[in-house]
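A.B. asks: Sharing a structure with you now.
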Amino acid sequence: MLNEAYEALGRHCMTAIMPTQVRKPKQKASVEGAVGKIAAAVVARLRDREFSTLAELNGAVREQLDAYNARPFQKREGSRKEVFEEVESAFLSPLPEVPFEVSEWFYGRCVNLNFHVSFKKNSYSVPYALVGKKVDVKATGSTVEIYHAGSRVATHPRFPSFVSYRYATDPSHMPPEFVKPEWDAERIMRWAAGIGPSARDVVARIFDDVQVKEQAYNPALAVLNLSRRYSEGELEKACAYALGRTARPRCRFIRSVLASKAASGPGGDEKSGGYIRGERYYNEGGEGSY
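Going letter by letter, the sequence shown gives residues 1256 to 1545 in my numbering.
Next up, the structure:
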């Protein structure tokens, strides 16, 4: 059985990888024997030398390896180098022009209402028909591929590791205008307005902060869903507080405000310690967090 990364390397290089037998493999002796001979001929000769750079070490290894391969056989004519050049090289193919990249797989990711999949603090779009479905993410250092039922449904350049809370959106993945999803901007804004003007303003800022309105659905709903745990009045007050403390109020910020208010106990108020962590905490913690 092959691990996925090794199998992917074989496909990339168009090479058949044939695992040896389990328990008592018969094919390992010749391979391990060759490894032992190389270790004796190369590593042993370098064991007393010191190297200051990796390039220097690699150069010394290459020098010893070339000498080992050019050494004549003891029981037949030629050398390993001659056998490779005259016989084996004719059966080899050039490596692919595009280098192989090691990939990681992440399974069972849910497609959000905004038809994006969250991965490493960023979001990548998939066809809107997959909203609510489970998908698998294959990530390399430069690319994010998304699979559903074994088929690739989306490919995006991967955001650098220092980038967070960004969206990679393929316009072809967006739903057509005549398709009305279960949640839309109008319904979300109507819910926010029903809670109060501050909640409405928070949600409006979330929508103003995205390029595609669907990208705001999840962060906006995350804020409004706090009314299921706390009262609408408490959420409205927390939103008003957040609007006065940060230009980009998000769920994490407002949830912290509500949690601090609850921790102060019944009868607490803002001035007497309802929001106990201070302005600096919320300004640092709330920015950019959904």
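Think of the CB as a built atom: it goes at the ideal place given N, C-alpha and C, for glycine as much as any other residue.
#1: Quick one: Cα of Val-1478 to Cα of Arg-1421, how far?
#2: Please specify which runs of the beta strand (DSSP E), each continuous and at least 3 residues long, are wholly inside the stretch 1319-1406, giving them in chain order.
#3: Taking only three categories from DSSP, how would you classify Pro-1412?
#4: Count Cβ pairs between the stretch 1381-1388 and the stretch 1354-1373 that sit closer than 8 Å; are there 3 or more?
#5: Leaving out five residues on either side along the sequence, give the residues of the same chain with a beta carbon under 8 Å from the beta carbon of Arg-1455.
#6: Does the stretch 1454-1474 touch the stretch 1492-1501, meaning 3 or more C-beta pairs lie closer than 8 Å?
#7: Going by other Cβ atoms of all chains shown within 10 Å of its Cβ, with 16 needed for buried, is Tyr-1472 buried or exposed?
#8: What does the alpha-carbon distance come out to for the pair Leu-1320 and Phe-1328?
#9: Curious, which full-length alpha helix (DSSP H) runs of at least 4 residues does the stretch 1459-1513 contain?
#10: With distances taken Cα to Cα, identify the nearest neighbour of Ser-1482 among Glu-1341, Gln-1466, Ser-1344 and Ile-1450.
#11: If you run the structure through DSSP and keep just helix, strand and coil, what is Tyr-1420?
#12: Find the nearest neighbour of Glu-1337 within the set Ala-1271, Glu-1487 and Ala-1322, judged by alpha-carbon distance.
#13: Could you say which of Ala-1514, Gln-1470 and Val-1512 lies nearest to Asn-1377 if we only look at CA atoms?
#14: Where does the unbroken alpha helix (DSSP H) through Ile-1443 begin, and where does it stop?
#15: Out of Thr-1308, Ala-1260 and Gln-1466, state which residue places its alpha-carbon closest to the alpha-carbon of Glu-1356.
#16: Between Phe-1414 and Val-1392, which are expected to be in contact by the criterion C-beta below 8 Å, what is the C-beta distance as a whole number of angstroms?
#17: Under the assumption that Lys-1516 contacts Glu-1487 (Cβ atoms under 8 Å), give the Cβ distance between them as a whole number of angstroms.
#18: Would you mind stating whether Val-1390 and Cys-1365 have Cβ atoms separated by less than 9 Å?
#19: Ends of the alpha helix (DSSP H) at Arg-1266?
#20: In this structure, how does DSSP classify Lys-1292 when only helix, strand and coil are distinguished?
#21: On the CB-based measure, 16 or more other CB atoms within 10 Å of its CB, does Phe-1346 come out buried or exposed?
#22: With a threshold of 8 Å on Cβ separation, who are the neighbours of Val-1475 within its own chain once the five nearest residues in sequence on each side are excluded?
#23: Please identify the residue among Ala-1289, Glu-1318, Ala-1440 and Ser-1334 whose C-alpha is closest to the C-alpha of Leu-1301.
#24: Spatial neighbours of His-1411 within its chain, please: CB distance less than 6 Å, with the 5 preceding and 5 following residues excluded, ordered by chain position.
#25: If distances are taken between C-alpha atoms only, which option among Arg-1503, Ala-1310, Val-1342 and Ala-1315 comes closest to Asp-1303?
#26: I need the DSSP call for Val-1277, collapsed to helix, strand or coil.
#27: Does Ala-1310 come out as helix, strand or coil in the three-state DSSP assignment?
#28: Is it the case that the Cβ atoms of Asp-1425 and Ala-1409 are separated by a distance below 9 Å?
#29: Run through DSSP, which three-state label would Pro-1430 get?
#30: Rounding to the nearest angstrom, what Cα-Cα distance links Pro-1354 and Asn-1258 in this structure?
C.D. replies: Answer, in terms of the structure:
#1: Against the sequence shown, residue 1478 aligns to sequence position 223. Against the sequence shown, residue 1421 aligns to sequence position 166. One alpha carbon belongs to Val-1478, the other to Arg-1421, and they sit about 19 Å apart.
#2: Listed in chain order, the complete beta strand (DSSP E) runs (minimum 3 residues) inside the stretch 1319-1406 are 1359-1365, 1371-1374, 1377-1380, 1389-1394 and 1398-1403.
#3: By 1-based counting over the sequence shown, the position of residue 1412 is 157. Strand, per DSSP.
#4: Yes, the stretch 1381-1388 is in contact with the stretch 1354-1373.
#5: Here the question's residue 1455 lines up with position 200 in the sequence shown. These residues qualify, in order along the chain: Met-1444, Ala-1447 and Ala-1448.
#6: Contact annotation: the stretch 1492-1501 touches the stretch 1454-1474, with at least three C-beta pairs closer than 8 Å.
#7: Taking the sequence shown and counting its residues from 1, one reaches residue 1472 at position 217. Sixteen is the threshold: when 16 or more other Cβ atoms of the shown chains lie within 10 Å of the Cβ of Tyr-1472, as they do, the residue is buried.
#8: Position 65 of the sequence shown, counting from 1, holds the residue named residue 1320. Position 73 of the sequence shown, counting from 1, holds the residue named residue 1328. Whole-angstrom Cα-Cα distance: 15 Å.
#9: Counting whole runs of 4 or more residues, the stretch 1459-1513 contains the alpha helix (DSSP H) stretches 1472-1479 and 1487-1498.
#10: In the sequence shown, counting from the first residue as 1, residue 1482 sits at position 227. When only C-alpha atoms are compared, the closest one is Ile-1450.
#11: Mapped onto the sequence shown, residue 1420 falls at position 165. Of the three classes helix, strand and coil, the one that applies to Tyr-1420 here is coil, per DSSP.
#12: The sequence position of residue 1337 within the sequence shown is 82, counting from 1. Check the Cα spacing between Glu-1337 and each of Ala-1271, Glu-1487 and Ala-1322: the tightest is with Ala-1322.
#13: The count along the sequence shown starts at 1 and reaches residue 1377 at position 122. Check the Cα spacing between Asn-1377 and each of Ala-1514, Gln-1470 and Val-1512: the tightest is with Gln-1470.
#14: For the purposes of this step, residue 1443 is identified with residue 188 of the sequence shown, where counting begins at 1. Residues 1440-1450.
#15: Mapped onto the sequence shown, residue 1356 falls at position 101. Checking every option, the nearest Cα to that of Glu-1356 belongs to Ala-1260.
#16: Here residue 1414 corresponds to residue number 159 of the sequence shown, with the count starting at 1. Here residue 1392 corresponds to residue number 137 of the sequence shown, with the count starting at 1. Separation of the CB atoms of Phe-1414 and Val-1392 is rounded to 13 Å, and the pair is thereby denied contact status at 8 Å.
#17: Walking along the sequence shown from the start, residue 1516 turns up at place 261. Walking along the sequence shown from the start, residue 1487 turns up at place 232. The Cβ separation is near 14 Å, so there is no contact.
#18: Counting from 1 along the sequence shown, the entry for residue 1390 is found at position 135. Counting from 1 along the sequence shown, the entry for residue 1365 is found at position 110. It is a contact, given that the beta carbons lie within the stated cut-off.
#19: Reading the sequence shown from its first residue, position 11 is the one you call residue 1266. Run containing Arg-1266: 1259-1267, per the alpha helix (DSSP H) assignment.
#20: Within the sequence shown, the letter at position 37 stands for residue 1292. Three-state result, Lys-1292: helix.
#21: On the sequence shown, residue 1346 is found 91 positions in, with the first residue counted as 1. By the neighbour-count rule (16 or more Cβ atoms within 10 Å), Phe-1346 is not buried but exposed.
#22: Numbered from 1 along the sequence shown, position 220 holds the residue referred to as residue 1475. Val is not the amino acid found at residue 1475; the sequence shown has Ala there. Answer for Ala-1475: Ile-1443, Ala-1447, Val-1458, Ile-1461 and Phe-1462, listed in chain order.
#23: Walking along the sequence shown from the start, residue 1301 turns up at place 46. That would be Glu-1318, whose Cα lies nearest to the Cα of Leu-1301.
#24: Taking the sequence shown and counting its residues from 1, one reaches residue 1411 at position 156. Closer than 6 Å at Cβ, skipping near neighbours: Tyr-1379, Val-1399 and Ala-1423.
#25: Numbered from its first residue, the sequence shown carries residue 1303 at position 48. Ranked by Cα distance from Asp-1303, the options Arg-1503, Ala-1310, Val-1342 and Ala-1315 are led by Ala-1315.
#26: As a working note, residue 1277 is residue 22 in the sequence shown. Under the three-state reduction of DSSP output, Val-1277 falls in the coil class, being neither helix nor strand.
#27: Counting from one through the sequence shown, the residue named residue 1310 turns up at place 55. The answer is helix: DSSP assigns Ala-1310 an H, G or I state.
#28: Here residue 1425 corresponds to residue number 170 of the sequence shown, with the count starting at 1. Here residue 1409 corresponds to residue number 154 of the sequence shown, with the count starting at 1. The beta carbons of Asp-1425 and Ala-1409 sit closer together than 9 Å.
#29: Position 175 of the sequence shown, counted from the start, is the residue given in the question as residue 1430. Pro-1430 sits in coil when the DSSP states are folded into three classes, being neither helix nor strand.
#30: By 1-based counting over the sequence shown, the position of residue 1354 is 99. By 1-based counting over the sequence shown, the position of residue 1258 is 3. One C-alpha to the other measures close to 19 Å.
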